[in-house]
Amino acid sequence: MSTLYEIAERRKPPGSTTARAATPDGLRRNATPNGLRRNETPDGLRRAATTSLAVLFATLAIATSVLAEETNTLGMKLVPIQPGTLKRGIADDEIRAHAEQFTYVLSKVAGYFENQGEYGSGLHTAKITRPFHVGATEVTRGQFRKFVEETRHITDAEMAGQPNAPGAPMLGFTPPRAIGAVKTLEELDIVSSTKYTWKNPGFAQTDEHPVVGVSWHDAVAFCQWLSKKEGKTYRLPTEAEWEYVCRAGTWGQAYWFGPDPYQAYRFANIGTSELEKAYPKMVLEKWVIDVEKEPSDGFVYTAPVGSYPANPWGLHDAHGNVFEWCQDAYSFTAYKDLAQAAGKDRVVADPLVLKPTTEGVDVRVIRGGSFYSSPQNFMACTRSFFLAADSACYIGFRVVRGN
Ligand SMILES: [Ca+2]
Ligand SMILES: [Ca+2]
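In terms of the working numbering, the sequence shown opens at residue 663 and continues consecutively.
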């Protein structure tokens, strides 16, 4: 079996290396129904009632302010998220649904996730203890452009090829030269080249499309710039926060919209029949689909952000469009390690993993799948990774703002 380093070195998209396998808490009320003592006078009752109402309105005002949706200086919509809990790991139902849907042998799918420590021994509960805001959409190319214009930031991909460049040339979308011309998987469709940057990912984009071709470093630099600009703390979501807001209260199903990947075309831009029609043999390798019968999601490459319905908490494109960088370093055994360290109750408060599988190799988590992904890769639970200094035409990011 390949080591993480070897896999990362190959710089293949997660879709091709791993595809095979691939509530809020309620507030406790401790008051009595009316909150009053038995011996109070009517006046006292009125005063107490008035006081109770004042407290209630004040509480509602606080709750409302916490719950407000906001638009920041970049015109980015931020939706409020309340603390709560998230089960992490793979639910039996999710495994079963995929085994049945894709004719994979149940044990094979389960075995894949078990190897990643995400199933059985890795099951645990993540407790999100603080409220935060999260971008309703992925960061757009127009928003990233403003950052570049103000800071003259040079991305890792733009430095690639020069001496001491931190990362490899960006993976851009390179259509096969001709049908039948591709002899090996290495020649297929996604190629590392210095000609690709966030301005040229290999397909056309407008300022409303999600920015791609940004490394983890570039995404963090964007957050730092925006924090300084607004005097607030912007950052990438932790891996746990990402799944928490993607699931939006759902558990035991592969997607926030349900268990059925064949409904995904209504809710997400993923690699489905339109991609297969544009580039035959590209999708079929990864996904058992019927090109003629299966509806298209409408986009071969990235879609303008927010083109599909929001999930119950107001997020668009958590599944698909582009993978999203998370703060965490990627570790194969992260879930198993966290579960074991958590003790009997297996509850971990605000988990954040910073220790990678291989010392000295900065590999970070990416989540949610992309326009190029098969269903296993855009499940809410599916963990993927990429080198922090590298970039690809199917990876972007979304920001979190602390409160
Ligand atoms: Ca698509
Ligand atoms: Ca996404």
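Think of the CB as a built atom: it goes at the ideal place given N, C-alpha and C, for glycine as much as any other residue.
In whole angstroms, what is the alpha-carbon distance linking residue i and residue j?
i     : j     : result
E800  : H871  : 9 Å
P923  : H786  : 25 Å
F775  : A996  : 12 Å
N983  : P831  : 22 Å
C1055 : W860  : 8 Å
V853  : T836  : 6 Å
P899  : Q989  : 6 Å
R1008 : F865  : 45 Å
G797  : F1047 : 21 Å
D869  : G1005 : 47 Å
H815  : V1023 : 24 Å
I841  : E954  : Because the pLDDT of I841 is 48, which lies under 50, any placement of that residue in the model is unreliable, and the number read from its coordinates should be weighed accordingly. C-alpha separation (whole angstroms): 19 Å.
A693  : G933  : Because A693 carries a pLDDT of 27, less than 50, the predicted location of this residue cannot be relied on, and no value is offered for it.
H879  : N777  : 29 Å
R792  : L888  : 21 Å
G782  : F994  : 14 Å
E811  : N734  : 18 Å
C885  : Q744  : 21 Å
E903  : R807  : 26 Å
D818  : P825  : 12 Å
F929  : H978  : 9 Å
P863  : V874  : 7 Å
V1015 : A883  : 20 Å
A965  : N1065 : 30 Å
P828  : Y858  : 16 Å
A991  : D1052 : 14 Å
K749  : G911  : 10 Å
K894  : Q867  : 30 Å
M738  : E901  : 21 Å
F1040 : A759  : 14 Å
T813  : P974  : 36 Å
L736  : I1057 : 21 Å
A1050 : A881  : 10 Å
G621  : A1003 : Any property of residue 621 remains undetermined from this structure, which presents the chain solely from 663 to 1065.
P971  : E905  : 18 Å
E731  : D952  : 40 Å
R1086 : S958  : As shown, the chain starts at 663 and ends at 1065. That puts residue 1086 outside it, with no answer to give.
A926  : K998  : 30 Å
P921  : E820  : 40 Å
E956  : V967  : 23 Å
G1031 : A772  : 19 Å
S969  : G834  : 23 Å
E671  : Q805  : Here E671 scores only 36 on pLDDT, less than 50, and its place in the model should not be relied on; the value that follows carries that caveat. E671 and Q805: Cα-Cα distance of roughly 31 Å.
Q1038 : F809  : 34 Å
Y1034 : F985  : 10 Å
Going by DSSP, which residues form a beta bridge with residue i?
i     : result
H786  : R750
F1047 : V1027
E732  : L740
A991  : R1026
I757  : Paired residue(s): none; I757 is not in a bridge.
V1009 : T787
I932  : Note: I932 sits in no beta bridge, so no partner.
Y997  : None, per the DSSP bridge assignment.
N862  : T859
I816  : DSSP output for I816 lists no bridge partner at all.
S854  : L833
Y896  : R1063
F985  : I1057
G797  : L740
P872  : T802
Return the Cβ separation of residue i and residue j in integer angstroms, given the expectation that the two are a contact with Cβ distance under 8 Å.
i     : j     : result
Y896  : V741  : Actually they do not touch by this definition, with Cβ atoms about 14 Å apart.
R909  : A1042 : 5 Å
G960  : E938  : Rounded, the Cβ-Cβ distance is 14 Å, inconsistent with contact.
P1087 : L1000 : The requested residue 1087 is not part of the displayed model; the chain covers only 663 to 1065.
A916  : E1021 : The Cβ separation is near 33 Å, so there is no contact.
R1026 : W987  : 6 Å
R635  : F794  : Look at the range of the chain in this structure, 663 to 1065, and you will see that residue 635 is not part of it.
F1059 : V876  : 7 Å
W913  : A788  : That pair is no contact at about 12 Å.
D851  : Y941  : 7 Å
W918  : A980  : 7 Å
G746  : I790  : 6 Å
Which residues count as close to ligand 2 when the rule is a CB under 6 Å from any of its heavy atoms, in chain order? Here the list is E800, D979, A980, G982, N983, V984, E986, G1030.
Which residues have their C-beta within less than 5 Å of a heavy atom of ligand 1, listed in chain order? Result: N931, D959, F961, F1033.
Could I get the ranges of all uninterrupted alpha helix (DSSP H) runs contained in the segment 896-928, with 4 residues as the minimum, in chain order? Runs of the alpha helix (DSSP H) inside the segment 896-928: 901-909.
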